[in-house]
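**Q** Residue numbers (this note's numbering): 660 to 1339. Note that CB positions come from ideal geometry on N, CA and C, so glycine has one too.
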Ligand code: FES
């Protein structure tokens, strides 16, 4: 499948799940609670439904009167009588309550609402009876779910990249974290697909009239049964009794399992009866009988088998299928398993996504306010950041940097340049870069009072404690971490010397601060447009390597390279020369070797070419990995490594984090040898 299409599909699948996931889980759980109702209700409600066998039943009208006596505020709707001698009689009222009676003694067994009791309660929830048009909502969810199920889930599940059908259909419990959750999601989805499909499809005609009409059109048969015939109204004449109506139903349908006799309301209403005949294909396959309410004459006899239009039969079968009224207990158990599987599906589908989305940026991002923004030099602004509520900020050490989340997806690192003793503010300096990728320009666009998020501080550029002497070399905006080092060294009375190179005084940030500081006399300024003899002579400054002296260099790449070369020529120990990069460790592409990445959740193997980053290879293969700096600085693309030996080339991870070999930054890091298995 081509990658852009797959991306769209993943996105559709995920967002559909996010939007309706909870509703689907709700529908499934409420359905699971009552799906076994047909099999269990005689047991669960035995105190209402089952009575000792008796042969001499009281007339139905007497039973109705007993029920009305205890339920006076509602009108009689219907009486339901089962043919089994051990069944109670239910008298139904207009408020959906039913009073259950012992047919031989007239004893009241109890009252229950249609949506009361354990099964009824969950049935009502499932039908969204607590809101208007709830059935339409449930139906819409089913329709969307159908799209997810067919278009999204199945296509996304389909094995790719050499994965076998068998392994795609097998839950891999050895996978860790999100990969195991995704594997569970796919496998449960696969095994419950058919049943969930039946549930979803059959919910559509229950909820939407157009779908019912479509069924009728397809089978070429009306969906509705003809309206009831009218009684011949005889003014002053009494209606026939319920008992007479029941006896008539016994003659018309001697095999009826049960009959429900509705009370006529209007003068011309017939006595209408719903019946279920023995041998009916399911319990929605009802027959009908209409009697003249005054003479008792049969107006219409409509057995299900011969008088129900085909379209309606199809609809009723779908209804029975949706409700678990066909196939007996085995089918109901299948529905139960699928209903219980659906919330697991929703959880296992959404949790990896949400975990990924809600994962806090490394170091934990928190808000700060830009308290002051000062123009420090041409093209350079200083930003003073404070806690929005005036609280203390996390302490930092000289050489630390923070990650500024300028806007979603745009994260940049800036060194702190104030005194590390200060905890009420962070000070950063930002150079507007002409060929900016957006970061410095966006930063310069922020005004005082703006709230932004930052994470950190982190420090990869620590001062070595106890050095006899320190040499600080700053080029341009690289002065920022060097400044906080100078503050620290000056405060502790350490011996140090600082060299600061810029193009000209008007492009020199923090010039006034340095000149007016207590350590100003230790700082030598070097301007490109100044006298040649005042330019920095790195060979001279680094001419005498000393194991007790540590050198710290920060600045543009040319400056860093020149300082590094000079130190090497003078045979400074690598351990004594410290550098702060603001882009990933330079690495010649021809030093790279190809390697493979395996995606733990799918088993897919991805080849990373020599001239390609692991991040690029992942993205080209349609695997979404968030990234920002693409230089191993911000930590946004941090990815768990389950197996393999990463070759860390970033500036983000600490030495301990690297040593664990359980994570890497695919935007710049590679494999030190062999395949890397990623938790994706
Ligand atoms: S994208 Fe910034 S570290 Fe990889």
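Residue 943 and residue 984 look like a contact to me (Cβ under 8 Å); what is the Cβ gap, rounded to whole Å?
**A** The Cβ separation is near 6 Å, so the contact holds.
**Q** DSSP on residue 769, reduced to helix/strand/coil?
**A** Strand, per DSSP.
**Q** Do residue 785 and residue 693 count as a contact pair if the criterion is CB distance below 9 Å?
**A** In contact: residue 693 and residue 785 (Cβ atoms closer than 9 Å).
**Q** Only counting the same chain, and skipping five residues up and downstream in sequence, which positions put a Cβ closer than 6 Å to that of residue 762?
**A** For residue 762, where only same-chain residues beyond five positions count, the Cβ hits under 6 Å are 716 and 748.
**Q** Tell me which residue opens and which closes the alpha helix (DSSP H) that residue 1116 is part of.
**A** Run containing residue 1116: none in the alpha helix (DSSP H); it sits in the beta strand (DSSP E), 1110-1117.
**Q** Output needed for residue 1020: all residues of its chain with C-beta closer than 6 Å, excluding positions within five of it in sequence on either side, in chain order.
**A** With a pLDDT of only 46 at residue 1020, under 50, the local geometry of the prediction cannot be trusted, and the value read off the model is given with reservation. These residues qualify, in order along the chain: 1114.
**Q** Within 8 Å: the Cβ of residue 1325 and any heavy atom of the ligand FES?
**A** Yes.
**Q** Using only the alpha-carbon positions, how far apart do residue 1319 and residue 1300 sit?
**A** Roughly 10 Å between the two C-alpha positions.
**Q** Shortest alpha-carbon distance to residue 1118 belongs to which of 1310, 812, 858 and 874?
**A** When only C-alpha atoms are compared, the closest one is 1310.
**Q** Candidates 1059, 698, 1052 and 672: which alpha carbon is nearest residue 816's?
**A** For residue 816, the nearest C-alpha among the options comes from 672.
**Q** Give the C-beta separation of residue 901 and residue 723 to the nearest angstrom, bearing in mind that I take them to be a contact with Cβ-Cβ under 8 Å.
**A** 6 Å between Cβ atoms; contact.
**Q** Under 8 Å from any heavy atom of the ligand FES, does the C-beta of residue 1283 make it?
**A** Outside the cutoff, so no.
**Q** Report, in whole angstroms, the separation of the C-beta atoms of residue 1100 and residue 1091, which I expect to be a contact under 8 Å.
**A** Contact flag correct, Cβ pair sits at about 7 Å.
**Q** Quick one: does residue 928 have its CB under 9 Å from some CB of chain B?
**A** Absent from the structure is chain B; it holds one protein chain and no more.
**Q** Does the region 872-880 touch the region 991-1004, meaning 3 or more C-beta pairs lie closer than 8 Å?
**A** No contact exists between the region 991-1004 and the region 872-880.
**Q** To the nearest angstrom, report how far apart residue 1244 and residue 1308 are at their CA atoms.
**A** Below a pLDDT of 50, predicted positions are generally treated as unreliable, and residue 1244, at 49, falls in that range; no measurement from the model is reported.
**Q** Between residue 1291 and the ligand FES, is the CB less than 8 Å from at least one heavy atom?
**A** Checking every heavy atom of the ligand FES against the Cβ of residue 1291, one is found closer than 8 Å.
**Q** Exposed or buried, which one is residue 1110 when buried takes at least 16 other CB atoms within 10 Å?
**A** Per the 10 Å Cβ criterion, exposed.
**Q** Can you list, in chain order, the residues of its chain with a C-beta nearer than 8 Å to that of residue 1187? Leave out the 5 residues immediately preceding and following it.
**A** For residue 1187, where only same-chain residues beyond five positions count, the Cβ hits under 8 Å are 1160, 1161, 1162, 1163 and 1194.
**Q** Would you tell me roughly how many angstroms separate the C-alpha atoms of residue 935 and residue 1338, rounded to the nearest one?
**A** When rounded, the distance between both Cα atoms is 57 Å.
**Q** Rounded to a whole number of angstroms, what is the C-alpha to C-alpha distance between residue 1247 and residue 1220?
**A** Summary for residue 1247: the model assigns pLDDT 48, below 50, so the residue's position carries little reliability; its value from the coordinates is reported in the next sentence. Their backbone Cα atoms lie some 14 Å apart in a straight line.
**Q** Quick check on the DSSP output: what are the complete beta strand (DSSP E) runs of length 3 or more inside the region 826-900, in order along the chain?
**A** Fully enclosed beta strand (DSSP E) runs of 3 or longer: not present.
**Q** Under DSSP, the alpha helix (DSSP H) around residue 783 begins and ends at which residues?
**A** Element bounds for residue 783: 776-785.
**Q** Should residue 883 go down as buried or exposed, given a rule of 16 or more other Cβ atoms within 10 Å for buried?
**A** Residue 883 comes out exposed.
**Q** If I measure Cβ to Cβ from residue 1321 and keep anything under 7 Å in the same chain, skipping five residues before and after, which residues do I get?
**A** Cβ neighbours of residue 1321 beyond the five flanking positions: 1299 and 1300.
**Q** For residue 919, collect the residues of the same chain with a Cβ closer than 6 Å to its Cβ; drop the 5 residues on either side in sequence, then sort them by chain order.
**A** Cβ within range, chain order: 737, 739 and 933.
**Q** Measuring only the C-alpha atoms, how far is residue 1152 from residue 1057?
**A** For residue 1152 and residue 1057, the distance between alpha carbons rounds to 15 Å.
**Q** Which same chain residues end up closer than 6 Å to residue 1055 when comparing Cβ atoms and leaving out the 5 residues on each side of it in sequence?
**A** Within the same chain, residue 1055 has close Cβ partners 1075, 1079 and 1116.
**Q** Answer yes or no: do residue 981 and residue 865 have a C-beta to C-beta separation smaller than 9 Å?
**A** Their beta carbons are under 9 Å apart, which means residue 981 touches residue 865 by this criterion.
**Q** Between residue 1154 and the rest of its own chain, which residues show a CB-CB distance below 6 Å, the 5 nearest in sequence each way excluded?
**A** Counting only Cβ-Cβ distances below 6 Å, and skipping sequence neighbours, we find 1128.
**Q** Can you tell me the Cβ-Cβ gap for residue 1133 and residue 1214, rounded? I've got them flagged as a contact below 8 Å.
**A** About 6 Å; that satisfies the 8 Å criterion.
**Q** Among the residues of its own chain, which have a CB less than 7 Å from the CB of residue 952, if the five just before and after it don't count?
**A** Around residue 952: 890, 898, 899, 923, 928, 929 and 930.
**Q** May I ask whether a heavy atom of the ligand FES can be found less than 8 Å away from the beta carbon of residue 1179?
**A** Answer for residue 1179: no, Cβ out of range of the ligand FES.
**Q** Considering only the beta carbon of each residue, do residue 1316 and residue 1060 sit closer than 9 Å?
**A** Not in contact: residue 1316 and residue 1060 (Cβ atoms no closer than 9 Å).
**Q** Consider the C-beta atom of residue 1279 and the heavy atoms of the ligand FES; say whether any pair is separated by less than 8 Å.
**A** No, since every heavy atom of the ligand FES falls outside the 8 Å radius drawn around the Cβ of residue 1279.
**Q** Leaving out the 5 sequence neighbours to the left and right, which residues in its chain are closer than 6 Å to residue 1289 when beta-carbon positions are compared?
**A** 1326, listed in sequence order.
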